[in-house]
Amino acid sequence: MSEITEKDKELFVKILDRDKRTLHFLWDCAEGRVVTAGSSLFENVKGDPLDFLRDSGLIDEQYLPAFSVFTARLEEGILSGIDRNSLSVELKIKFTPDGDFAMGGFYAHFLRDENNRITAVHGTIRPYSQKEMFDRNILTTFSSDKDPQIFGKEVGDMMARHPDDEIAFIQFDIERFKMINENYGVEAGDELLAFINDSLSMICNEDQPFCRLTADVFMMVTAYSSDEELLDLIHRLESMLTGFKGMEYRLIFGVAIAEDRTLHTRRHGDNATIARQSIKGNALNNISFFNGRMRTELKKKQTIEDDMKSALLGNQFVMFLQPKFSISTGRIIGAEALARWIHPEKGMISPAEFVPVFEQNGFILKLDQFIWESACKKIRDWIDRGIQPVPISVNISREYVRTFDVVGWLTKLIQKYDIPIKYLELEITESVDAEGVVDVVKNMKSAGFTMLMDDFGSGYSSLNMLKTTQFDVLKIDRAFLSEFMESSRGRKIISHTISMSQDIGLDIIAEGVETQEQAQFLSHCGCDAAQGFYYSKPVTQEEFDRKLLAVNT
Ligand code: C2E
Ligand code: MG
Ligand code: MG
């Protein structure tokens with residue numbers, strides 16, 4: 045096609061202005077060109093008006109990838125004579141000579157001959173009226189863009205048209221969308237959502253119903269014939285919809301394949317939601333396919349949530365203690381408080397099952413407050429009975445350290461039970477978001493608590509944490525110990541970790557010590573404190589007392 049001159053663009057804008065800012069054109073399919081356009085504009089351009097628009101710089105460039113998909117569909121429709129009589133799309137386009145982009149619509153109506161073949165396209169481009177803008181803003185900002193019932197019907201109809209194809213429900217949201225609003229402003233957040241919505245309206249064909257479900261959650265349903273085709277579609281969506289205006293965000297996809305066609309479409313949508321939510325916080329993966337196991341997991345999580353409050357009231361949570369030993373003397377030098385849930389029907393539930401759920405729903409603070417108090421009571425009990433106490437370390441979860449006054453709470457407990465502060469130690473896991481933890485640890489230390497860095501060697505920023513925070517004790521993680529013990533290189537790393545921590549004045553303890561060989565190796569490297577099944581599992585308080593009396597006296 046010929047060059048687009050500045051004059052052409054001006055002309056285009058002028059036509060819009062003159063014809064009440066609406067451009068009509070008639071595109072003759074046989075001739076492959078515009079025959080009338082309210083002016084000779086497209087005669088000048090001599091070619092496809094869509095190419096003109098695309099190449100003119102009149103469309104906001106963020107919309108171009110999706111617009112290309114739209115024009116390809118339009119052309120394909122013209123060539124293949126699609127069933128529908130019209131297509132419409134929302135665009136950001138320049139409607140005024142001074143060049144601000146505004147929201148508008150592009151509508152195409154097909155004219156057909158007696159054999160139902162498309163012979164011409166009547167196109168209209170115009171900016172939205174104020175009322176349309178208003179309606180649209182209300183819709184995109186506060187509710188779904190499509191009535192869910194209409195969407196459900198569209199999906200049902202589409203599935204009926206594809207009895208033999210596979211059908212996928214693709215749902216996605218913007219990870220940490222709240223952060224977008226915080227970092228770039230609420231308007232930018234709205235604009236991003238509108239962009240995704242508009243792009244979907246261009247990308248999805250009439251056989252791919254889509255809908256905005258809630259704030260930042262979108263769903264599209266599509267027929268497909270091979271896994272590659274489906275993955276390819278998801279990757280294309282991802283690349284077209286990310287990077288809007290240079291913002292940094294990630295899309296998270298949950299996909300449910302409608303294997304059982306007798307199920308209600310809503311159920312497939314729910315499955316896609318479950319798959320999407322299963323990804324939360326997974327840094328490596330952003331596409332998840334639904335499987336039956338996820339539903340079981342979710343059920344489990346829901347029963348845990350249903351039961352937890354009554355469990356606390358009904359004293360189903362108990363504090364177990366796992367002794368810490370001196371490898372050289374064999375004496376008990378401390379204990380870690382670990383929560384156990386004794387469920388009346390299900391028996392003992394492991395913290396691995398309920399702690400992550402409680403961390404998500406906030407209940408972990410209630411549980412921890414209970415454990416902290418149990419630990420203080422236990423120390424008081426030893427003192428009252430004339431037993432020489434050992435320090436008990438309690439776990440502090442990262443979830444609340446920045447929002448809840450842990451130090452204040454613990455200080456009150458220490459006063460309430462009138463125990464020396466040296467007997468209550470605090471374990472915090474090293475973490476990726478170390479920044480907030482640095483200050484918290486500082487506060488706890490200056491209040492007089494002994495701080496243990498839990499699970500050292502399991503995470504991302506161990507060395508960084510060592511540099512910036514003021515822990516007293518480093519706890520070597522169980523997996524770090526067992527995996528690194530396997531090779532001579534690994535053993536060197538453990539050995540140097542131990543001497544390095546001693547060099548910077550940190551005490552060290554190894555957790556998850558399961559064999560005599562591990563204990564001997566640690567001792568050889570200069571680490572004398574150990575906690576693990578080789579010495580003892582976590583036990584009830586009564587049993588701990590028996591061990592304490594047997595070993596330490
Ligand atoms: P953690 O704080 O690192 O606790 C050590 C875990 O390792 C405990 O698992 C303990 O039973 C286990 N363990 C100790 N020695 C060995 C060993 O030799 N071999 C093996 N295989 N495991 C060993 P547990 O009690 O299941 O707790 C798991 C995690 O749940 C804890 O890891 C902690 O992060 C969390 N947790 C447990 N109780 C509480 C609690 O009251 N509050 C909070 N916030 N978290 C808790
Ligand atoms: Mg711990
Ligand atoms: Mg640990």
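Residue 423 in our numbering sits at position 379 of the sequence shown, with consecutive numbering throughout.
The beta-carbon is built from N, C-alpha and C at its ideal position, and this holds for glycine as well.
Treat the numbers as computed from the prediction; the structure is a model and nothing was measured.
F297 lies in the beta strand (DSSP E); which residues open and close that run? Reading the sequence shown from its first residue, position 253 is the one you call residue 297. Bounds of the beta strand (DSSP E) holding F297 are 295-301.
From E471 to E341, what does the alpha carbon distance come to, in whole angstroms? Working through the sequence shown from its first residue, we reach residue 471 at position 427. Working through the sequence shown from its first residue, we reach residue 341 at position 297. Near 29 Å, if we compare the C-alpha coordinates of E341 and E471.
Please give me, in chain order, every unbroken run of the beta strand (DSSP E) with length at least 3 that falls completely inside the segment 254-311. Taken in chain order, the unbroken stretches of beta strand (DSSP E) that lie wholly in the segment 254-311 and span 3 residues or more are 254-258, 261-268, 295-301.
Distance, W385 Cα to D589 Cα: Indexing the sequence shown from 1 puts residue 589 at position 545. Indexing the sequence shown from 1 puts residue 385 at position 341. Their Cα atoms are separated by approximately 21 Å.
Between D412 and ligand 3, is the CB less than 7 Å from at least one heavy atom? As a position in the sequence shown, residue 412 is number 368, starting the count at 1. Flag unset: Cβ of D412 not near ligand 3.
Which term fits V482, buried or exposed, when burial requires 16 or more other beta carbons within 10 angstroms of its beta carbon? Stepping through the sequence shown from its first residue, residue 482 is reached at position 438. Exposure of V482 is indicated by the presence of fewer than 16 other C-beta atoms within 10 angstroms of its C-beta.
Just to confirm my understanding: we take K422, look at its own chain, exclude 5 residues before and 5 after, and list those with CB closer than 7 Å. What are they? The residue you call residue 422 lines up with position 378 of the sequence shown. The residues I436, Q585, in chain order, have a CB closer than 7 Å to that of K422 in the same chain once the five nearest residues on each side in sequence are set aside.
When the Cα atoms are used, what is the spatial distance from R598 to F114? Because the chain here runs from 45 to 597, residue 598 falls outside it and cannot be looked at.
In chain order, which continuous runs of the beta strand (DSSP E) of length 3 or greater are located wholly inside the segment 516-552? Within the segment 516-552, the complete beta strand (DSSP E) runs of at least 3 residues are 517-520.
Less than 7 Å between the CB of K519 and some heavy atom of ligand 3, yes or no? The residue labelled residue 519 in the question sits at position 475 within the sequence shown. Shortest gap from the CB of K519 to any heavy atom of ligand 3: under 7 Å.
Counting only runs that start and end within the segment 418-504, where is the alpha helix (DSSP H) found for 4 or more residues in a row? Fully enclosed alpha helix (DSSP H) runs of 4 or longer: 442-445, 450-461, 478-490.
Take the Cβ of L592 as the centre, count every other Cβ of all protein chains shown within 10 Å, and call the residue buried at 16 or more, exposed below. The sequence position of residue 592 within the sequence shown is 548, counting from 1. That one is buried.
Since S245 is in the alpha helix (DSSP H), which residue starts that stretch and which ends it? Position 201 of the sequence shown, counted from the start, is the residue given in the question as residue 245. Where S245 is concerned, the enclosing alpha helix (DSSP H) starts and stops at 230-247.
Please state whether the Cβ-Cβ distance between V265 and M202 is less than 8 Å. Taking the first residue of the sequence shown as 1, we reach residue 265 at position 221. Taking the first residue of the sequence shown as 1, we reach residue 202 at position 158. Yes, the Cβ-Cβ distance between V265 and M202 is below 8 Å.
Outcome for A594 when other beta-carbon atoms lying within 10 angstroms are tallied against a minimum of 16: For this step, residue 594 is matched to residue 550 along the sequence shown. Under this definition A594 is an exposed residue.
Within the same chain, show all residues whose beta-carbon is closer than 7 Å to that of L274, passing over the 5 residues directly before and after it, in chain order. Counting from 1 along the sequence shown, the entry for residue 274 is found at position 230. Contacts found: A212, Y268.
Using C-beta distances below 7 Å, list every residue in its chain close to I182, excluding the 5 sequence neighbours before and after it, in chain order. What you label residue 182 is simply residue 138 of the sequence shown in a count that begins at 1. Because the pLDDT of I182 is 41, which lies under 50, any placement of that residue in the model is unreliable, and the question is left without a value.
Distance between Q514 and A523 (C-alpha atoms, nearest Å): Position 479 of the sequence shown, counting from 1, holds the residue named residue 523. Position 470 of the sequence shown, counting from 1, holds the residue named residue 514. Near 24 Å, if we compare the C-alpha coordinates of Q514 and A523.
Locate the beta strand (DSSP E) running through K368, then write down its first and last residues. In the sequence shown, the residue the question calls residue 368 occupies position 324. Element bounds for K368: 361-370.
Straight-line Cα distance separating S532 from Q432: Here residue 432 refers to the residue found at position 388 of the sequence shown. Here residue 532 refers to the residue found at position 488 of the sequence shown. For Q432 and S532, the distance between alpha carbons rounds to 41 Å.
Cα separation between H312 and I331? For the purposes of this step, residue 312 is taken as the residue at position 268 of the sequence shown. For the purposes of this step, residue 331 is taken as the residue at position 287 of the sequence shown. Distance between the alpha carbons of H312 and I331: 16 Å.
In chain order, what residues of the same chain have a beta carbon less than 8 Å from the beta carbon of V445, not counting five sequence neighbours either side? Looking up residue 445 in the sequence shown gives position 401. Cβ neighbours of V445 beyond the five flanking positions: I472, G480, V481, V484.
Bridge partners - Y107, DSSP secondary structure assignment: Residue mapping note: residue 107 aligns to position 63 of the sequence shown, counting from 1. None, per the DSSP bridge assignment.
Excluding the 5 residues preceding and the 5 following Y578 in the sequence, name in chain order all residues of the same chain whose CB lies nearer than 8 Å to its CB. Numbered from 1 along the sequence shown, position 534 holds the residue referred to as residue 578. Cβ-Cβ distances below 8 Å link Y578 to V557, E558, T559, Q560, Q562, A563 in the same chain, with the five nearest sequence neighbours on each side left out; the list follows chain order.
Three-state class that DSSP yields for S332 in the structure shown: Residue numbering aside, residue 332 sits at position 288 when the sequence shown is read from its first letter. Here S332 sits in strand by DSSP.
Inspect the beta-carbon positions of L550 and L518 and report whether they are closer than 8 Å. Along the sequence shown, one-based indexing puts residue 550 at 506. Along the sequence shown, one-based indexing puts residue 518 at 474. Annotated as proximal: L550 and L518, with beta-carbon spacing under 8 Å.
Suppose you measure from the CA of L566 to the CA of S543; what does that come to, to the nearest Å? If you number the sequence shown from 1, residue 566 lands on position 522. If you number the sequence shown from 1, residue 543 lands on position 499. Computed Cα separation, rounded: 11 Å.
Residue environment, K368, which counts as buried when at least 16 other CB atoms sit within 10 Å: In the sequence shown, counting from the first residue as 1, residue 368 sits at position 324. Burial check for K368: the Cβ neighbour count within 10 Å reaches 16 or more, so the residue is buried.
Beta carbon nearer than 6 Å to a non-hydrogen atom of ligand 2: Here the list is E380, N439, E471, D498.
Just to confirm, are G298 and R320 a CB contact at a threshold of 8 Å? Sequence index remark: in the sequence shown, residue 298 carries index 254 (1-based). Sequence index remark: in the sequence shown, residue 320 carries index 276 (1-based). Judged by their CB atoms, G298 and R320 are nearer to each other than the 8 Å cut-off.
Shortest alpha-carbon distance to K410 belongs to which of M284, L356, P388? One-based indexing of the sequence shown puts residue 410 at position 366. Taking each of M284, L356, P388 in turn and checking the Cα distance to K410, the smallest one comes out for L356.
From L155, E235, N159, R161, residue whose alpha carbon lies closest to that of G167: Counted from its first residue, the sequence shown places residue 167 at position 123. Residue L155 is the option with its Cα nearest to G167.
Cα-Cα separation between M529 and G200, rounded to whole angstroms: Counted from its first residue, the sequence shown places residue 529 at position 485. Counted from its first residue, the sequence shown places residue 200 at position 156. Cα to Cα, M529 sits roughly 57 Å from G200.
If you draw a straight line from the C-alpha of D521 to the C-alpha of F195, how long is it? Mapped onto the sequence shown, residue 521 falls at position 477. Mapped onto the sequence shown, residue 195 falls at position 151. About 50 Å.
Find the nearest neighbour of D72 within the set G378, G290, A152, judged by alpha-carbon distance. Working through the sequence shown from its first residue, we reach residue 72 at position 28. Distances from the alpha-carbon of D72 to those of G378, G290, A152 put A152 closest.
Cut-off 7 Å between Cβ atoms - residues of its own chain near V261, not counting five sequence neighbours on either side: As a working mapping, residue 261 is identified with position 217 in the sequence shown. Taking C-beta separations shorter than 7 Å and ignoring five residues to either side along the sequence, the partners of V261 in its chain run Q215, D217, following chain order.
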